[in-house]
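Since the structure comes first, as structure tokens, the remarks are kept for the end.
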Amino acid sequence: MYRYDGLDESGVARLTGAPRAILQQRVPTVMDLAHRLGEEGASTGTIVLADEQTAGRGRAGRAWISPPGAGIWLAMLMRPVSAPEGGTLAIRIGLAVRDALAVVSATLRPDLKWPNDIVVGGRKLGGILCEARWVGERIGWIAAGIGLNVHGPIAAELRDSAIAAADVDPGVSRLALLEAMVLRVAAAGRLIGPLSDAERERYLGALWMPPDTAPVVGLDADGALLVRGSDGGVVRRTEAA
């Protein structure tokens, strides 16, 4: 049986508090496996971890490079009581992941790039992908994917825009991050309704956007970004430009 950094499936479940952990050495994408578990009736909070993805995907179908041993390639199965509003789930998971990174390392100092990226020093450390599946008119489940560059190496063509945690803090480990992150992400998945004022304030306080981005003036309760338009008015963005 495959062991993830020395732990078997029961060991990872105990470490993280997940009800069940599925470990794979190499898969096309953890997201597809999480959806299959959703179809089979797996419980909420079940996690899928792979050492390598050969066809990892990010937002808008973009490829996510996931070499063996380089990072955390995780999908969590969530069964919310109601469908999340707009982009609230990605916002909440982003806050949870940022909190976990801060617990594990005092030197990483991660920021959040709207709508679903974790950045350090203006370079991408990780990303979040939320995919819902419906059963008739009801939400069936959500696969929440998290990719974090932990050890690297970062591909040469991405070094200007991406970073690994170990580039800043060589002592960071995948298991320590998982221990700090999984229960926080599961808790974020149980939250329903619009973002609270406190959540919006926390997110805006951690927000990093490229210098050429329109000025940000706020975050709506459904997770939409509010920016200053060229005419001086406020524009709602629900998707990244």
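Using this note's numbering, you'd call the opening residue of the sequence shown number 551 and step up by one each time.
Every residue, glycine too, gets a C-beta built ideally from N, C-alpha and C.
In the three-state reduction of the DSSP assignment, Y554 falls in the strand class.
Ranking G686, D667, R688 by CA distance to the CA of L679 puts D667 first.
Going by DSSP, E729 is part of the alpha helix (DSSP H) stretching over 724-740. Between A650 and R734, the beta carbon gap of about 5 angstroms places them in contact (Cβ cut-off 8 angstroms). In the same chain as G779, and ignoring 5 residues on each side of it, the C-beta atoms closer than 8 angstroms to its own belong to A764, V785, in chain order. When the Cα atoms are used, R752 and T788 turn out to be separated by approximately 19 angstroms.
Within the segment 586-640, the complete beta strand (DSSP E) segments of 3 residues or longer fall at 597-603, 621-628, listed in chain order. Annotation for R752: the continuous alpha helix (DSSP H) segment containing it runs 747-756.
When only Cα atoms are considered, D661 and D719 end up about 16 angstroms apart.
Bounds of any beta strand (DSSP E) do not take in R564; it lies within the alpha helix (DSSP H) bounded by 559-566. Three or more Cβ pairs drawn from the segment 670-689 and the segment 632-642 lie within less than 8 angstroms of each other, which places the two stretches in contact. In this structure the segment 736-744 touches the segment 628-638; the number of beta carbon pairs closer than 8 angstroms is three or more.
At the C-beta level, G671 and I713 come within 8 angstroms of one another. With contacts defined by Cβ atoms closer than 8 angstroms, L728 and L583 do not form a contacting pair. Inclusion of M731 and W691 in the CB contact set at 8 angstroms is not warranted, their separation being larger than that value.
Taken atom to atom, the span from the alpha-carbon of R553 to that of L573 is near 7 angstroms.
Here T579 is buried, its C-beta having at least 16 other C-beta atoms within 10 Å. Taking 8 angstroms as the cut-off, the beta carbon of A605 is found no closer than this to the beta carbon of W623. Per the coordinates, the alpha-carbon of R688 lies some 44 angstroms from the alpha-carbon of G721. Going by DSSP, D717 is part of the alpha helix (DSSP H) stretching over 715-718.
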